[in-house]
Structures are given as C-alpha cells and as structure tokens.
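So the structure is just underneath, and the comments pick up after that.
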Amino acid sequence: MCPSCEQVLDNNGPERPYATRDDVLGLYSWLAPLKVYAQGVVHGYALVQFVFAMENSEPQSSPKPSRKPPVALVLLNRPEDGLRILSLEPEDLRLLDQVLNWAGYQSVLVDIDDDVDRVSDAVELYKPTVILNLVDHMFSDERGASAVAGMLDLFGYVYTGSGPGVLLDCQTWSRTRLLLEHAGLPILNAPTSRHLHACLLGNDDVEHLPVCESFVACGQAEVEVCSLTCGDPEDEVCFLEASASERIAELCNQVWRALGMRDVAQIDFDVSPAGRVSIVRVHAAVDLFGTVFRTAAAAREGGMPGTIVQLSHLCHLRLAPEELLTYPLP
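Be aware that the sequence shown starts at 46, since it is given in this note's numbering, and climbs by one per residue.
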C-alpha cells in the first residue's frame, strides 16, 4: 500500500463492516409503525372472516342430554312352595316385558318369593319410576298384599292398583258388604241367576271395559263378552239388555267412589230374570291375566297390550309435578 493511502486510512480511522447501535435503533423506529399497521390489517381481516362465517352459517341445535328410560318394576310373588293365585304363565311374563319396553320403559321383573327384604332391595336397587304391583298375597295370606302396598307407600313410590286400605277392605266380603250397604247399594251374597263381571280402568275418569258373563257350557266354565245388540235374545248366550248394562255402569261408578278405588278393579254382579242387578263381589286386587280380565281387555281397543300400557300410564301420572318433568310419559 502506498504511503498516501496509509495516510488516508489513518486520518479516517478503521473500517466499520457492521451497523452501529444508532443505525439499528433508527431502523426500528421507522419499522415499528409499519408493524403495528400490518397487525391491524391482519386482525381486521380475521374479524371480517369471522362475521361473514357467522352470518352465513346455519343455526345448529344444541345436543339434547342423554336421558335414561324410566324404569317399570314388575313385582309379583310366586313362591316355590306356597299359594299361587295369579294366572301368570311364562308367555304372560314375556308379554309384560315386551309391552313395557315397547312403551318406552326399562322393564325389570322381580319375584319377591315371600321375602319382605326383596321388596326393599328391589326399589332401592332399581329406583323405579312406576311399579306394576302384582303381589296378591304374602305367606299364603291374601291380606299380605295390602302390607306390600303399605311398604311401597312408605318408600314413596307410585304403584298400580288401590292403596293398602282399599285392598284390605276388599279382602273380606263381610267388611266390603258393610261399606256398600252403608252407601245404599244392592248386595247379594252369591249369584243366583246370571253371573256378570265388569272391569274398570282409570282414576278420576273411569273407563268401563266390556261386560263379561261366566257360564257353564258342556261341563266347562266359560267367559264371554256380553252383546248389547241382538235381534232375538234367546239366540245370544251372553245378550245383555241396555237397561241392565246402564245399571251396571251406574253401580260401578258408585262402588268406585264409595271404596276409593284407583287404576283397576273388577266387580261381579248378579242379574235376576226380572232385571234386578245386585253386587256379588268387589276385587281391588285384580288378576290381570285371569280369564275374566283378559277377555274384557281383549275386547277393548288396543287389546291386552294397550291395557297394560294404559295401566302403567295411570300410575305414571300420579308422580309429583317435579318428578313428571324429570320422568315424563315415554
């Protein structure tokens, strides 16, 4: 390098290959407003996209919370060695299960087998919404059915059929007779002419199932639905005059109110040749699968399956209002 060039370098100082701190700060002060502006543009564009998507999107319904079906507990008592009154067959139990499941319930069948603890265990385990109470006796004593109904009342569950007081009143005919005579209703100890049966469903509004008649044909007991229309009454075995039918319906309503019955009942009548209608027996604990009730239920609209559903709904509607909100009719 020539002496003149070395002199120039000495005068101007050393070379500076990198920017100084002042240069960087100056550049940042110029770029900072540009950065804020760019961020604003990006955020504004995202906001416009969000608003556009919300305006053009279809409203979506919020998913409904999953709800378990209401539980229908079927209680019955069929001990291995003991009294069996109900006409329950395996196909009847299958029908109960299928109908209740079809109606929207989760069906659970429990045979208490003369064990009181099984009643409490069943209601505590399954927490049923409704109970189809088919217990007709305990320890071979029909009066035990009212005790089971009393237990269910203490537990606070709704069940089909009348309460324990009505069940106990109807277990002894002498007691039932005193109550009906006090109400001024015609009573007869045993049928002497025609033996008729009237089955009822309901609570405040009572539905009258078709009237049936029991008779003996060819040495066998038969039950048939009575006909209200016939050209020649002698040609119809179970013909029932309109006046007798109206009287039976009137007496049914009076018995229902006098005894305080609910849900289901069966009342037996005698009709004399002169047309006098008398009460023979009142059943608060009804054999749902007996010949009489099955025949009457088969003749109504919906048949036996519809009758079972109607009976469970009558019980269901007795839930408290807040419980009906939680467990509405399925």
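Note that CB positions come from ideal geometry on N, CA and C, so glycine has one too.
Problem - Same chain only: Cβ atoms within 7 Å of V316, ignoring 5 sequence neighbours per side - result: The sequence position of residue 316 within the sequence shown is 271, counting from 1. The answer, listed in chain order, is S238, R239, L241, A289 and V322.
Exercise for the section: Grab me the residues of V268's own chain with a C-beta within less than 6 Å of its C-beta, minus the 5 sequence neighbours each way, in chain order. Expected result: Stepping through the sequence shown from its first residue, residue 268 is reached at position 223. Cβ within range, chain order: C257, S259, T336, V337 and T340.
Practice task
With a threshold of 16 other CB atoms inside 10 Å of the CB of C263, please say whether the residue is buried or exposed.
Solution key: Locating residue 263 in the sequence shown gives position 218, counting from the first residue. Result: exposed.
Practice task
Pull up the DSSP beta-bridge partners for S272, would you.
Solution key: In the sequence shown, counting from the first residue as 1, residue 272 sits at position 227. Answer is F284.
Handout entry: Separation of V119 from F184, as counted between CA atoms
Key = Mapped onto the sequence shown, residue 184 falls at position 139. Mapped onto the sequence shown, residue 119 falls at position 74. Cα-Cα distance, rounded: 19 Å.
Practice task
Identify, in the order they occur along the chain, each residue of the same chain with its Cβ nearer than 7 Å to the Cβ of Q52, setting aside the five sequence neighbours on each side.
Solution key: Position 7 of the sequence shown holds residue 52. Since pLDDT at Q52 reaches only 47, below the 50 mark, its modelled position is unreliable, and no value is offered.
Practice task
Taking the CB atoms as reference points, tell me whether N248 and V193 lie closer together than 9 Å.
Solution key: Mapped onto the sequence shown, residue 248 falls at position 203. Mapped onto the sequence shown, residue 193 falls at position 148. For N248 and V193, no; Cβs fall outside 9 Å.
Exercise for the section: Go ahead and pull the three-state DSSP assignment for S238. Expected result: As a first step, residue 238 is located in the sequence shown; it is residue number 193 there, counting from the start. Here S238 sits in coil by DSSP.
Problem - W147, buried or exposed, once every other Cβ within 10 Å from all chains shown has been counted against 16 - result: As a working note, residue 147 is residue 102 in the sequence shown. Per the 10 Å Cβ criterion, exposed.
Exercise for the section: In angstroms with no decimal places, state the Cα-to-Cα distance between L369 and S165. Expected result: Locating residue 369 in the sequence shown gives position 324, counting from the first residue. Locating residue 165 in the sequence shown gives position 120, counting from the first residue. In a straight line, the C-alpha of L369 is about 23 Å away from that of S165.
Practice task
Under the assumption that Y204 contacts N178 (Cβ atoms under 8 Å), give the Cβ distance between them as a whole number of angstroms.
Solution key: The residue you call residue 204 lines up with position 159 of the sequence shown. The residue you call residue 178 lines up with position 133 of the sequence shown. About 4 Å separates the two Cβ atoms, so the contact holds.
Practice task
Take R220 and list the residues in its own chain whose beta-carbon comes closer than 7 Å to its own, dropping the five residues that flank it on each side.
Solution key: Here residue 220 refers to the residue found at position 175 of the sequence shown. Within the same chain, R220 has close Cβ partners D214.
Exercise for the section: Please classify D181: is it buried, with 16 or more other beta-carbons within 10 angstroms of its beta-carbon, or exposed? Expected result: Taking the sequence shown and counting its residues from 1, one reaches residue 181 at position 136. Buried, because 16 or more other Cβ atoms sit within 10 Å of the Cβ of D181.
Exercise for the section: Decide if Q371 is buried, meaning its Cβ has at least 16 other Cβ atoms within 10 Å, or exposed. Expected result: Within the sequence shown, residue 371 is the residue found at index 326, counting from 1. Sequence check: residue 371 is Thr here, not Gln. Exposed, by the Cβ-count rule.
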